[in-house]
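Take a look at the structure set out below.
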Ligand code: UDP
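Residue numbers (our numbering): 30 to 411.
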């Protein structure tokens with residue numbers, strides 16, 4: 030099957046890393062069209078997936094944009110839509126992976142007469158989007174998409190609650206190449222030494238730096254933990270949240286935690302860094318649509334504590350394969366961290382169990398088969 034994948038981002042966020050795995054089996058005769066250049070393009074090229082940057086300028090609509098801002102961007106989109114329509118005629122199906130890709134993909138699917146599949150990586154609620162963006166997304170999906178692949182039950186439910194058609198949406202979780210998460214002990218020890226953390230209890234946080242990802246919650250929590258507990262914050266401000274980054278630095282200084290919180294920036298050695306941690310935290314203060322980092326922590330055999338909302342609740346069963354805490358509650362998070370510091374054997378058992386079950390549940394081969402079946406069905410329908 031020849032697929033035109035569309036993604037608005039040049040940067041490798043969770044949706045893009047998921048797309049990378051989905052596009053691999055189709056690499057021979059498909060194309061990933063991006064609306065911005067960046068490291069994601071390089072990543073696709075490294076994985077031998079054909080890629081083209083289709084837009085020549087950044088699209089200015091943001092998740093919280095008003096109707097006026099959204100309309101003003103339409104003129105700017107015309108050359109991009111024209112290009113996508115031309116490309117789409119050479120493919121069997123358009124696969125939109127992000128919201129702006131949906132807008133462009135929907136119009137292209139109409140003009141090029143190609144089916145549209147939308148991979149929904151978001152919780153379509155006012156916690157994440159402006160009312161205008163929600164209305165535009167739901168209208169376009171209901172009118173043009175024949176299939177919506179939701180990355181969790183939580184994303185599916187929010188889609189339906191926002192007015193999305195229930196009969197076109199199927200849940201498929203993200204898949205992972207499990208062997209990538211098996212890291213030799215010697216590499217882990219070397220990394221600990223290199224970062225000067227050999228004797229520490231390391232709490233990891235892996236996410237772009239953004240207010241809703243809640244890095245500040247972890248910093249507040251760590252102030253209530255023993256001196257030996259150290260945090261690594263892995264990730265960067267991918268979408269212009271530089272003010273938040275400054276706030277985080279100020280908080281660290283104000284709490285006197287300069288020696289206990291390390292900012293490592295964006296990294297591409299996530300499995301190594303996760304395996305080096307004693308505990309991995311997820312602290313989103315708005316419901317997480319899926320939470321790749323939670324599954325990755327499990328695949329590394331590391332205990333994970335996640336904020337109890339959205340997709341995270343489908344991944345973690347409290348006390349069985351990880352821990353759940355109330356979102357936006359640093360005291361509760363600190364309590365769980367302190368318990369984990371004290372009860373290493375108990376949490377090791379939980380982490381081992383999580384590793385085994387996650388390896389089966391999120392195996393990329395099985396997930397890709399599910400996607401393939403759904404896409405074949407779409408092709409047959411059209
Ligand atoms: N990630 C990464 N480098 C970093 C920080 C994060 O490669 O420095 C990856 C992380 O391993 C995960 C993804 O980015 O696979 C984030 O996905 P998630 O679903 O957790 O959040 P999203 O970015 O989609 O909101």
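By construction, the Cβ of each residue, glycine as well, lies at the ideal position given by its N, Cα and C atoms. The structure displayed is predicted, hence computed values, not measured ones.
Rounded straight-line distance, which links the Cα of residue j to that of residue i
| i | j | result |
| --- | --- | --- |
| residue 203 | residue 251 | 30 angstroms |
| residue 235 | residue 270 | 16 angstroms |
| residue 309 | residue 145 | 37 angstroms |
| residue 195 | residue 148 | 15 angstroms |
| residue 393 | residue 329 | 15 angstroms |
| residue 58 | residue 32 | 7 angstroms |
| residue 78 | residue 192 | 35 angstroms |
| residue 42 | residue 266 | 11 angstroms |
| residue 439 | residue 141 | No information on residue 439 is available, as it lies outside the stretch 30 to 411 that the chain covers here. |
| residue 286 | residue 323 | 25 angstroms |
| residue 360 | residue 336 | 13 angstroms |
| residue 170 | residue 353 | 33 angstroms |
| residue 233 | residue 162 | 33 angstroms |
| residue 280 | residue 291 | 13 angstroms |
| residue 106 | residue 213 | 48 angstroms |
| residue 413 | residue 332 | Nothing can be reported for residue 413: it is not among the residues displayed for the chain, which extend from 30 to 411. |
| residue 341 | residue 83 | 34 angstroms |
| residue 166 | residue 151 | 11 angstroms |
| residue 258 | residue 346 | 25 angstroms |
| residue 405 | residue 377 | 42 angstroms |
| residue 116 | residue 66 | 18 angstroms |
| residue 390 | residue 104 | 44 angstroms |
| residue 243 | residue 313 | 5 angstroms |
| residue 362 | residue 402 | 41 angstroms |
| residue 35 | residue 364 | 43 angstroms |
| residue 320 | residue 344 | 8 angstroms |
| residue 398 | residue 81 | 26 angstroms |
| residue 221 | residue 261 | 11 angstroms |
Helix, strand or coil at residue i according to DSSP, with G and I counted as helix
| i | result |
| --- | --- |
| residue 245 | helix |
| residue 201 | coil |
| residue 147 | strand |
| residue 281 | helix |
| residue 140 | helix |
| residue 370 | helix |
| residue 186 | helix |
| residue 351 | strand |
| residue 80 | strand |
| residue 176 | strand |
| residue 210 | helix |
| residue 310 | strand |
| residue 331 | coil |
| residue 227 | coil |
| residue 129 | helix |
| residue 57 | helix |
| residue 336 | strand |
| residue 220 | helix |
| residue 152 | coil |
| residue 286 | coil |
| residue 384 | helix |
| residue 112 | helix |
| residue 293 | strand |
| residue 106 | helix |
| residue 122 | strand |
Option nearest residue i by Cα separation, candidates the options
| i | options | result |
| --- | --- | --- |
| residue 173 | 151, 185 and 133 | 133 |
| residue 301 | 210, 77, 47 and 185 | 210 |
| residue 245 | 223, 225, 170 and 282 | 282 |
| residue 39 | 130, 180 and 31 | 130 |
| residue 20 | 241, 346, 68 and 176 | There is simply no residue 20 to check, as the chain begins at 30 and stops at 411 in what is shown. |
| residue 375 | 364, 349, 228 and 362 | 349 |
| residue 138 | 155, 152 and 120 | 120 |
| residue 237 | 259, 273, 152 and 205 | 273 |
| residue 304 | 364, 325 and 294 | 325 |
| residue 254 | 187, 73, 404 and 231 | 231 |
| residue 400 | 189, 180 and 164 | 180 |
| residue 366 | 223, 248 and 61 | 248 |
| residue 297 | 62, 216, 68 and 159 | 68 |
| residue 228 | 206, 256 and 241 | 256 |
| residue 127 | 47, 159 and 199 | 47 |
| residue 294 | 311, 268 and 263 | 263 |
Span of the beta strand (DSSP E) around residue i
| i | result |
| --- | --- |
| residue 161 | No beta strand (DSSP E) holds residue 161; the alpha helix (DSSP H) holding it covers 160-173. |
| residue 62 | 60-63 |
| residue 230 | 230-235 |
| residue 259 | 258-263 |
| residue 36 | 32-36 |
| residue 269 | Taken as a continuous stretch (DSSP letters only), residue 269 belongs to no beta strand (DSSP E), as it is neither H nor E. |
Limits of the alpha helix (DSSP H) - the one that residue i falls within
| i | result |
| --- | --- |
| residue 75 | 68-75 |
| residue 404 | 393-410 |
| residue 344 | 341-344 |
| residue 254 | No alpha helix (DSSP H) holds residue 254; DSSP gives it neither H nor E. |
| residue 49 | 43-52 |
Min CB distance residue i to chain D below 9 angstroms
| i | result |
| --- | --- |
| residue 138 | The displayed structure is made up of one protein chain only, and chain D is not part of it. |
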